Structure formats: structure tokens, C-alpha cells
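**Q** Numbering (the numbering used here), first residue to last: 232 to 592.
Note that the Cβ used here is the ideal one computed from N, Cα and C, for glycine as well.
Every value quoted in this text rests on a predicted model; they were computed, and no experiment measured them.
Encoded as C-alpha cells, here's the structure I'll be asking about.
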Amino acid sequence: MNGDRAAAQLALTQHDLLVGGQWQAAAAGNRYRVASPATGADIADLAAAESADVDRAVLAGQAAFEKYASVTYFERARWCENVAAEIDARSGDLARELTTEQGKPLAESRGEVTSAAAGFRLAAAEARRLTGETVPVADPAKRVLTFRRPTGVWAVITPWNFPFNIPIEYLGPAIATGNAVVWKPAPSTSRIAVRLAECITAAGVPDGLVNLVTGPSVDMARHLSSHPGLVGVCFTGSSSVGKQIAQLAAGKKLLLELGGNGPVIVLNDADLPRTVQAVAAAAFANAGQSCAWWPGSPMRRTRSGWARRCRMTWTWARCTTRRPPRRWSSTLKMPSAAAAASWRAVPGCRGCPAACSSPRR
Numbered sequence: 232m233n234g235d236r237a238a239a240q241l242a243l244t245q246h247d248l249l250v251g252g253q254w255q256a257a258a259a260g261n262r263y264r265v266a267s268p269a270t271g272a273d274i275a276d277l278a279a280a281e282s283a284d285v286d287r288a289v290l291a292g293q294a295a296f297e298k299y300a301s302v303t304y305f306e307r308a309r310w311c312e313n314v315a316a317e318i319d320a321r322s323g324d325l326a327r328e329l330t331t332e333q334g335k336p337l338a339e340s341r342g343e344v345t346s347a348a349a350g351f352r353l354a355a356a357e358a359r360r361l362t363g364e365t366v367p368v369a370d371p372a373k374r375v376l377t378f379r380r381p382t383g384v385w386a387v388i389t390p391w392n393f394p395f396n397i398p399i400e401y402l403g404p405a406i407a408t409g410n411a412v413v414w415k416p417a418p419s420t421s422r423i424a425v426r427l428a429e430c431i432t433a434a435g436v437p438d439g440l441v442n443l444v445t446g447p448s449v450d451m452a453r454h455l456s457s458h459p460g461l462v463g464v465c466f467t468g469s470s471s472v473g474k475q476i477a478q479l480a481a482g483k484k485l486l487l488e489l490g491g492n493g494p495v496i497v498l499n500d501a502d503l504p505r506t507v508q509a510v511a512a513a514a515f516a517n518a519g520q521s522c523a524w525w526p527g528s529p530m531r532r533t534r535s536g537w538a539r540r541c542r543m544t545w546t547w548a549r550c551t552t553r554r555p556p557r558r559w560s561s562t563l564k565m566p567s568a569a570a571a572a573s574w575r576a577v578p579g580c581r582g583c584p585a586a587c588s589s590p591r592r
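So, in C-alpha cells, the structure goes:
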């Protein structure tokens, strides 16, 4: 990244809400700022939505849904392909902004942006395969057919760990099937959400099908989850918050991807070096904030040497002053400096194999 481009990524930018295809300030005029985890400097000044803004966004979604629900699947597929093309065209800048705001290494951000474009292309392909059925019946004078129809306006609430790719899991299918969306991203990664919304609008997706409301207000998020104008709520995040959303959205359709764990069982015939590298990547990529995260507690009945090798790998990866050995450098992805500074050493660690002198926090 050259100096001019780096400065551009760190410059303070201002962004509003996207409602009905128009960028507009929050009704109350409130704003909030997002800081880069690498430097602590503010990089974005965003509109802070409240319940009134949610109401406007839902109304805009309902109007767009009624207008475009009858559009053919082929036209919707074209919209999704256009969004993928927009993401590809801006991929370099998108990856850099994602790293600046979220803190993950640039290589991981590039992969996330590439995956997002692929997600929209998948939605386009699936749109062309949405078929109904002819159901056999006993009465020969009757014919029973089934059709797929869009359902209405959905809330989409997404987390900060993969702020560019996870939304595509909901936005792509919503556009492909003719539904409208009111999207609330994580407050700390809302600038990259704005960039994705810009790609969607530039791709020719009709105004109002995707509405973006940003802000840290818990009351706003609760109002969105329980809004009577919605047919369903999509959420990716913790199990505890998912349970609250399920209660608030009682009677609505739900798509919930909640927290879990990633147990690992290593059998005696496993390739131990490859297994350790794969598990280490799952544990430490994105600073461990992913669905593939593994807590690092080997089961007792596993191959000999697994626990010892894992402990050595964890020690290297969690060290704040040294990088992993060369043979692991292509697998382990280190967190940002700000995140690494807050990590603790492995419990019971007696020092890294290379006589690491990192402070024990």
C-alpha cells in the first residue's frame, strides 16, 4: 500500500443511512464514530439510527417489495451478478478498508471480499433454479401446482468478525428471491457495511430492496427485531443474543446462526503435522473469532504427541514478540498489534522453544 492510499484508508469519512435508495441522516441527527483497532484513530463518522429510522426503513422495504415482488428470477439473478462484478471491481480498496476497520490481516480481508463476490454469484445461480412442483392427486380432474413466492421484508443483523462476507449469506438470497431487507451491521464495522451497500446500489438493485441502518442503539436493535412490519429476522451472533431476538421476534420467521464450539478428535492414523497446522489455523485465524475456532483442549484418547505439539503451536501463536516458525508461517495468521497486546500467555507456559522473553500479561 503506498502512502497516499494508506492515508486515504485512515482518513475520517462520513456516512449516512440508506433508506429507500437515498443516503440520509438519522431522524434525530445523532452520529457516532468508529476507530481503527490498529491505531485507535477515528476513521468513520456514521449516522446513529433510532427506532424512527427503523420505521422509515421498514416502510421503504415494504414499498419496494410490493413493486418488485413480481420481477422474474432471471432479472434478480442479473442484479446479483452485477453486485458481484461491483465487488470485484473494488476488491482492492474493499480489502484495505476491511483491514483498517476490523483489524484482520490484509490477506484474510482479500479472501473475505473474494468470498463475498462468490456468494452473490451463487445466489444468482440458485435464483435460476427456484422451481415449483406438480403434486400428484387422487382426482384426475384436478391439478395441484406449487409456486415459490417472496415473503416480504426481513431484518438482517450481522456481526463484526466477518462484516463483509456474512451479510452476503442473507442479502444475496434475499435479492435473488425477491424479498426486501433492513440491514443492521455491527456498530464497530459499519463503514465496510456502507461500502457493500454502495456496491449494491451501484449494481442497479432497485431502491428500497436493501436498506441500511447503522448505530450502537440497543433499543433500535430491539425495535427492529420486534417490528410488526417484518416477516422474519436473520441474525448471526451469540446464542444469548439469539435467544433474546427469538423472544422479540415471536411469531416471525427466524434464520439464526448462533455460537457453538469446534471439537477436534484426532485418530491414531492421522497425519499429525498437517492436523496440527489445520487446527492451529482454525484456532487463530481472525484472532480466533470464527465459527471454526477450537478452544485448544485435546481429548485424552487421541494420538500420542498431539497435546505436546499443540501446546508448542499455541505458545508460538500467542507470543506477543515473536512470530511462528517458518514452517507454520503460511498457516497461522496473526491478529492485529492492538489485539495481540491484550493476549495472555498459555497457562503454565515455561517459555517458547526459542527462549521467548515476551512479558507475561
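Looking at F296: is its Cβ nearer than 8 Å to the Cβ of G383?
**A** By 1-based counting over the sequence shown, the position of residue 296 is 65. By 1-based counting over the sequence shown, the position of residue 383 is 152. Cβ distance < 8 Å, so F296 and G383 count as in contact.
**Q** Measure the Cβ-Cβ separation of S448 and A266 and say whether it is below 8 Å.
**A** Translated into positions along the sequence shown, residue 448 becomes position 217. Translated into positions along the sequence shown, residue 266 becomes position 35. A distance of 8 Å or more separates the beta carbons of S448 and A266.
**Q** Classify T365 as buried or exposed, calling it buried when 16 or more other Cβ atoms lie within 10 Å of its own Cβ.
**A** Within the sequence shown, numbered from 1, the residue matching residue 365 stands at position 134. Exposed, by the Cβ-count rule.
**Q** Would you kindly work out how many angstroms separate the C-alpha atoms of P416 and N396, rounded to a whole number?
**A** Taking the first residue of the sequence shown as 1, we reach residue 416 at position 185. Taking the first residue of the sequence shown as 1, we reach residue 396 at position 165. Distance between the alpha carbons of P416 and N396 is about 12 Å.
**Q** Quick check on W310: does DSSP put it in helix, strand or coil?
**A** By 1-based counting over the sequence shown, the position of residue 310 is 79. Helix.
**Q** Straight-line CA distance for E328 to I423?
**A** Here residue 328 refers to the residue found at position 97 when the sequence shown is read from its first residue. Here residue 423 refers to the residue found at position 192 when the sequence shown is read from its first residue. If you take the alpha carbons of E328 and I423, they lie about 7 Å apart.
**Q** Go ahead and label T331 buried or exposed: buried means 16 or more other beta carbons lie within 10 angstroms of its beta carbon, across all protein chains shown.
**A** Mapped onto the sequence shown, residue 331 falls at position 100. Per the 10 Å Cβ criterion, buried.
**Q** Between M565 and the rest of its own chain, which residues show a CB-CB distance below 6 Å, the 5 nearest in sequence each way excluded?
**A** Numbered from 1 along the sequence shown, position 334 holds the residue referred to as residue 565. Model confidence at M565 stands at a pLDDT of 35, short of 50, so the residue's coordinates are unreliable; what they give is reported in the following sentence. Counting only Cβ-Cβ distances below 6 Å, and skipping sequence neighbours, we find nothing.
**Q** Using CA atoms only, rank isn't needed, just tell me which of W254, F351 and D324 is closest to R648.
**A** With the chain covering only 232 through 592, there is no way to say anything about residue 648.
**Q** Answer with buried or exposed for S456, where buried requires no fewer than 16 other C-beta atoms within 10 angstroms of its C-beta.
**A** The residue given as residue 456 occupies position 225 in the sequence shown. S456 is buried by the Cβ-count criterion.
**Q** If we ignore side chains and look at the alpha-carbon of each, how far apart do V289 and T270 end up?
**A** For this step, residue 289 is matched to residue 58 along the sequence shown. For this step, residue 270 is matched to residue 39 along the sequence shown. If you take the alpha carbons of V289 and T270, they lie about 36 Å apart.
**Q** Excluding sequence positions up to five away, which residues of its chain have a Cβ less than 8 Å from the Cβ of A477?
**A** Here residue 477 refers to the residue found at position 246 of the sequence shown. For A477, where only same-chain residues beyond five positions count, the Cβ hits under 8 Å are L485 and L487.
**Q** What number of angstroms, rounded off, separates the C-alpha of N442 from the C-alpha of L503?
**A** Numbered from its first residue, the sequence shown carries residue 442 at position 211. Numbered from its first residue, the sequence shown carries residue 503 at position 272. About 48 Å.
**Q** Under three-state DSSP, which class holds H458?
**A** For this step, residue 458 is matched to residue 227 along the sequence shown. DSSP places H458 in coil when its eight states are reduced to three.
**Q** What do you get for K474, buried or exposed, if any count of 16 or more other CB atoms within 10 angstroms of its CB means buried?
**A** Here residue 474 refers to the residue found at position 243 of the sequence shown. Exposed, since its Cβ has fewer than 16 Cβ neighbours within 10 Å.
**Q** Quick one: Cα of A275 to Cα of S419, how far?
**A** Sequence index remark: in the sequence shown, residue 275 carries index 44 (1-based). Sequence index remark: in the sequence shown, residue 419 carries index 188 (1-based). Rounded to whole angstroms, A275 to S419 spans 10 Å at the Cα level.
**Q** May I ask you to list the residues that DSSP assigns as paired with C465?
**A** The residue labelled residue 465 in the question sits at position 234 within the sequence shown. DSSP lists V387 and L486 as partners of C465.
**Q** Provide the residue(s) that pair with D273 in DSSP beta bridges, ordered along the chain.
**A** Counting from one through the sequence shown, the residue named residue 273 turns up at place 42. Partner(s): A266.
**Q** In the structure shown, what three-state DSSP assignment does K298 receive?
**A** Here the question's residue 298 lines up with position 67 in the sequence shown. Note: K298 maps to helix in three-state DSSP.
**Q** If you follow the beta strand (DSSP E) that A411 is in, where does it begin and where does it stop?
**A** Translated into positions along the sequence shown, residue 411 becomes position 180. It spans A411 to K415 - the beta strand (DSSP E) in which A411 sits, taken as one unbroken run.
**Q** Can you tell me which of the three DSSP states T330 falls into?
**A** One-based indexing of the sequence shown puts residue 330 at position 99. It is helical.
**Q** DSSP puts N517 in a beta bridge; with which residues?
**A** Looking up residue 517 in the sequence shown gives position 286. Paired residues: none, contrary to the question.
**Q** First and last residue of the alpha helix (DSSP H) that includes V425?
**A** The residue you call residue 425 lines up with position 194 of the sequence shown. Start and end: S421 to A433.
**Q** V344 lies in the alpha helix (DSSP H); which residues open and close that run?
**A** Taking the first residue of the sequence shown as 1, we reach residue 344 at position 113. L337 to A358 is the extent of the alpha helix (DSSP H) around V344.
**Q** Assign G446 to one of two classes, buried (16 or more other C-beta atoms within 10 Å of its C-beta) or exposed (fewer than that).
**A** Mapped onto the sequence shown, residue 446 falls at position 215. It is buried - the Cβ of G446 has at least 16 other Cβ atoms within 10 Å.
**Q** Taking C-alpha atoms, which residue in I406, I388 and N517 lies nearest to M451?
**A** Residue 451 sits at position 220 when you count from the first residue of the sequence shown. The shortest C-alpha separation from M451 is found at I388.
**Q** Any chance the CB of R321 is under 7 Å from a heavy atom of the ligand GTP?
**A** For the ligand GTP, the structure offers nothing, since it holds no ligand at all.
**Q** Nearest to H246 by CA position, among G490, A259 and R264, is which residue?
**A** As a first step, residue 246 is located in the sequence shown; it is residue number 15 there, counting from the start. Of the candidates G490, A259 and R264, the one whose C-alpha sits nearest the C-alpha of H246 is R264.
**Q** State the DSSP-derived secondary structure class of T377, mapped to helix, strand or coil.
**A** Here residue 377 corresponds to residue number 146 of the sequence shown, with the count starting at 1. Of the three classes helix, strand and coil, the one that applies to T377 here is strand, per DSSP.
**Q** Could you check where the alpha helix (DSSP H) with V366 kicks off and where it finishes?
**A** Numbered from 1 along the sequence shown, position 135 holds the residue referred to as residue 366. Careful: V366 lies outside any alpha helix (DSSP H), inside the beta strand (DSSP E) at E364 to V366.
**Q** Quick one: measure Cβ to Cβ for A407 and C311, integer angstroms, because I've assumed they're closer than 8 Å.
**A** Working through the sequence shown from its first residue, we reach residue 407 at position 176. Working through the sequence shown from its first residue, we reach residue 311 at position 80. So it is a contact: roughly 6 Å between Cβ atoms.
**Q** Pull up the distance between the alpha-carbon of G363 and that of I318, whole angstroms please.
**A** Counting from one through the sequence shown, the residue named residue 363 turns up at place 132. Counting from one through the sequence shown, the residue named residue 318 turns up at place 87. C-alpha separation (whole angstroms): 32 Å.
**Q** So what's I496 in DSSP terms, helix, strand or just coil?
**A** Position 265 of the sequence shown, counted from the start, is the residue given in the question as residue 496. In this structure, I496 counts as coil in the three-state DSSP scheme.
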